[in-house]
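Numbering (this note's numbering), first residue to last: 1 to 277.
C-beta: ideal position from N, C-alpha, C; glycine also.
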């Protein structure tokens with residue numbers, strides 16, 4: 001998802017701008033090269049999906065949005081702090097809800113798919129285990145007659161069992177196929193292509209279903225955010241008041257009272273905001 005968004009962004013940007021007319025501009029070349037590097041980086045990333053979306057969303061809510069509020073808002077400092085801190089609270093709650101959904105949900109979907117729950121007669125669009133076993137079996141049969149590639153095949157099979165199909169392992173499989181005789185390599189290649197396609201299908205199914213589950217959980221997220229945010233802010237202001245009392249303990253009485261009264265409680269702060277809306 002994230003990869004497609006970034007790739008689409010740079011394709012659109014290239015079409016909108018007349019690149020040929022700006023070739024000689026050093027600044028443009030610099031930005032263009034930077035954009036290409038970013039696009040290539042995202043293209044090389046393996047397994048970008050709902051997990052990456054959660055990470056980017058958390059970073060935006062926990063860091064970017066509060067920073068923008070504090071730097072750009074013209075509201076009083078206390079009001080800016082109150083508004084800005086709501087976003088990290090929401091980000092943490094969202095992370096605590098969505099990460100378990102993604103992890104355990106993906107595992108449950110994978111187990112169901114491998115047991116044939118999503119099979120439709122002979123169509124096994126998401127049954128990764130079926131095609132993995134078929135590929136591994138054909139690879140084992142091949143190395144029996146070709147000891148030269150046995151070590152490479154064994155390493156690949158062990159990696160598949162321990163890590164699953166990753167981009168790096170896929171490259172190793174393709175390189176191994178190139179070393180095989182033509183007819184044998186063709187058969188292994190066909191089994192690998194089927195395995196790879198079903199692996200992608202399952203990955204997208206997991207992301208879609210987990211995304212739907214996260215949407216369903218949105219009301220719970222909002223309810224927790226509205227409940228916990230005032231409580232957390234109350235604790236923060238309470239701690240500030242305690243520190244103010246400690247600092248003011250050695251001051252003159254008049255100065256001490258002035259110092260303590262300057263630190264308002266969260267309830268008085270909210271009432272103040274409501275009165276000035």
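Assigned secondary structure, residue i (DSSP; H/G/I helix, E/B strand, else coil)
i	result
residue 174	helix
residue 147	helix
residue 142	helix
residue 70	helix
residue 75	coil
residue 165	coil
residue 115	coil
residue 25	Unreliable placement is indicated for residue 25, whose pLDDT of 48 sits below 50; the coordinate value is still reported in the next sentence. If DSSP states are grouped into helix, strand and coil, residue 25 belongs with coil.
residue 184	helix
residue 218	helix
residue 108	helix
residue 84	helix
DSSP bridge partner residues for residue i (one or two, in chain order)
i	result
residue 120	123
Cβ-based burial, residue i [other Cβ within 10 Å; buried from 16]
i	result
residue 222	exposed
residue 116	exposed
residue 107	exposed
residue 103	exposed
residue 155	exposed
residue 231	exposed
residue 198	buried
residue 214	buried
residue 202	buried
residue 211	buried
residue 355	The requested residue 355 does not occur in the structure, where the chain is confined to residues 1 to 277.
residue 127	buried
residue 207	buried
residue 56	exposed
residue 98	buried
residue 291	In this structure the chain extends from 1 to 277, so residue 291 is not present and cannot be described.
For residue j and residue i, believed in contact at Cβ under 8 Å, the rounded distance
i	j	result
residue 205	residue 93	27 Å between Cβ atoms; not a contact.
residue 129	residue 140	Their Cβ separation, rounded to whole angstroms, is 16 Å, which puts residue 129 and residue 140 out of contact at 8 Å.
residue 163	residue 169	7 Å
residue 217	residue 109	With 8 Å as the limit, residue 217 and residue 109 do not qualify as a contact, their Cβ atoms being about 16 Å apart.
residue 180	residue 149	7 Å
residue 131	residue 195	4 Å
residue 176	residue 153	7 Å
residue 54	residue 96	The Cβ separation is near 11 Å, so there is no contact.
residue 228	residue 105	Actually they do not touch by this definition, with Cβ atoms about 24 Å apart.
Report task. Evaluate contact between the stretch 55–66 and the stretch 76–90, counting only Cβ atoms and requiring at least three cross-stretch pairs below 8 Å. Result -> Judged by Cβ distances under 8 Å, the stretch 55–66 makes contact with the stretch 76–90, as three or more pairs qualify.
Query raised in the report: Is the stretch 178–191 close to the stretch 135–151, with three or more CB pairs under 8 Å?
Result: Under the Cβ criterion (8 Å, minimum of three pairs), the stretch 178–191 counts as touching the stretch 135–151.
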